Amino acid sequence: MTAVAVETSEPGHEADTHAADAHGHGHPPTNTGLSNDKVAMWAFLGSECLLFGALISTFFLYRSRAPLGTVKPHDVYDIPFTSVSSFILLMSSLTMVLALSAFNRADSRRAMVWLSATALLGATFLGGQIYEFTVFIREGMTLKTNPASSAFYVLTGFHGTHVGIGVLMLLILVILIARGRLTPARAETIEIAGLYWHFVDVVWVVVFTVVYLLPL
Amino acid sequence: MTTTHATPAADKHDEHGDHPSEKKYWVIALILGIITAVEVALSYIDLGNGVAPLLLIGMVMKFFIVASYFMHLKFDSKMARRLFISGLSLALFCYLALFMMFRQFGPRDDRQDIDLIETGVPQR
C-alpha cells in the first residue's frame, strides 16, 4: 500500500488537496488510476482510429480508379518533399515529449520553448501540405478530377485539419503557461495534449507509407 | 496538520513505470528518422513485389515506437492500453473485412474487374 502525506493549514482545503495529490498528477482518485480526462482522450483516440481507418481504406480502394487521361495522385507525388515534411512531423513528437519532460521538472520556461517548437514544426508541416496541394491543383489534379484524387484530398485534408487543431491547442498551452494559469501541478494537461499530437503523428506514419510510398 | 492516507487508486498509479529519459527520447527520434530514410530509399529501389511488405514492416515499427515511447503506452496504465488497442483492433478488423469484400487480397486480374465496372476502362 502507498501512503500519501498531505500537509495543509486550512482545514477546508484538506479534502481537495488530498484528492488532487493522491497521484501526484493533480487529479482526484479514480477507480482506473487514470484521470477522467486522460481516459476520455484515450477513448477519443481509439475512435479516431476508426475514422482514419475508414479514410485510409477508401483511398486504398480508389487509388487507381481514374479514367484514362486524368491525373492520378501517384502521377504528381513529390516524394523527397513529402519525406522532409514527414520527418518534420516526426521530430515534432520529440519536441512534444521534451516539453512534457521539462514541465514535469517544473521548468516552465523550457516547456514553453519546446511547446512553441512543436507548434512551429506542426505549422511548417501544414505549410508544406498547402504548398503541395497548390502544386497538385496546378498540375490538373483537383478534388473533383477522379475518385482517386477525391480520396487523396479528403484523407490528407482531414489529417491536416487535425494538425491545425493541434497547433492551436499547443499555442493556447503556451499562452496559459506564460500567464501562469497552467502550473506544473497540472502537467497532465500537457500530457493529454501530447497524446493527441503523437496520435496525429502516428496517423501520418501510416498515411505516408500507404498513400505515398506503396506502389500501385 | 498532517494526515496519512492510502488509496487503492494510488497503488494502481504507482504501478506505472518511469518515463524514458530525455536522452532516450533523442535516441528514439534518431531511430524513427533512420527508419523513414530507409523507407524512402526502398520506394526508389525496384524490388518488385518485395517492397510493399518491407514498407509495411517499417510503418508498423514506427507506429509502435511512437505509441509505446512518445505516447507512454508502454509505461502507462493497462486501462489506457486497452482503450487504444480496442479501437485500433476494431478498425483493423472492420477494414480488413472491407478489403476482402472488394477482393483486394485476390489475384490482380480480379481487382482489375472492379476497375472495369467502376470506370469503364481497365486501369492496370
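Going down the list, the sequences are from chains A and B.
The first sequence maps to residues 24 to 239 in this note's numbering.
The second sequence maps to residues 219 to 342 in this note's numbering.
The C-beta atom is built at its ideal place from N, Cα and C for all residues, glycine as well.
Values in this document were obtained by computation on a predicted structure and should not be read as measured data.
- Any Cβ of chain B closer than 8 Å to the Cβ of A:Thr-55 would place that residue at the interface, and such an atom is present.
- DSSP, read as helix, strand or coil, puts A:Asp-60 in helix.
- Rounded to whole angstroms, A:Ile-79 and A:Tyr-85 show a C-alpha spacing of 10 Å.
- Annotation: Cβ neighbours of B:Gly-251 in chain A (cutoff 8 Å, chain order): Phe-110, Leu-113, Met-114.
- Under the criterion of beta carbons closer than 8 Å, A:Gly-151 and A:Leu-193 do not qualify as touching, at roughly 18 Å.
- Separation of the CB atoms of B:Ala-298 and A:Leu-199 is rounded to 24 Å, and the pair is thereby denied contact status at 8 Å.
- The straight-line gap separating the alpha-carbon atoms of A:Ile-153 and B:Leu-316 is approximately 31 Å.
- No Cβ of chain A is located within less than 8 Å of the beta carbon of B:Phe-293.
- In this structure, the straight-line span from the alpha carbon of A:Leu-166 to that of B:Ile-249 is close to 36 Å.
- Residue contact check for A:Lys-167 against chain B: no CB pair falls below 8 Å.
- Considering only A:Arg-88, A:Met-119, A:Phe-126, the residue with the shortest C-alpha distance to A:Ala-201 is A:Phe-126.
- If the five residues before and after B:Pro-238 are omitted, its C-beta is found closer than 7 Å to the C-beta atoms of Tyr-287, all from its own chain and listed in chain order.
- Relative to the Cα of A:Ala-210, the nearest Cα in the group A:His-182, A:Thr-168, A:Ala-134, A:Leu-113 belongs to A:Ala-134.
- Using a Cβ-Cβ cut-off of 8 Å, B:Leu-306 counts as an interface residue toward chain A, since at least one Cβ of chain A sits closer than that to its own.
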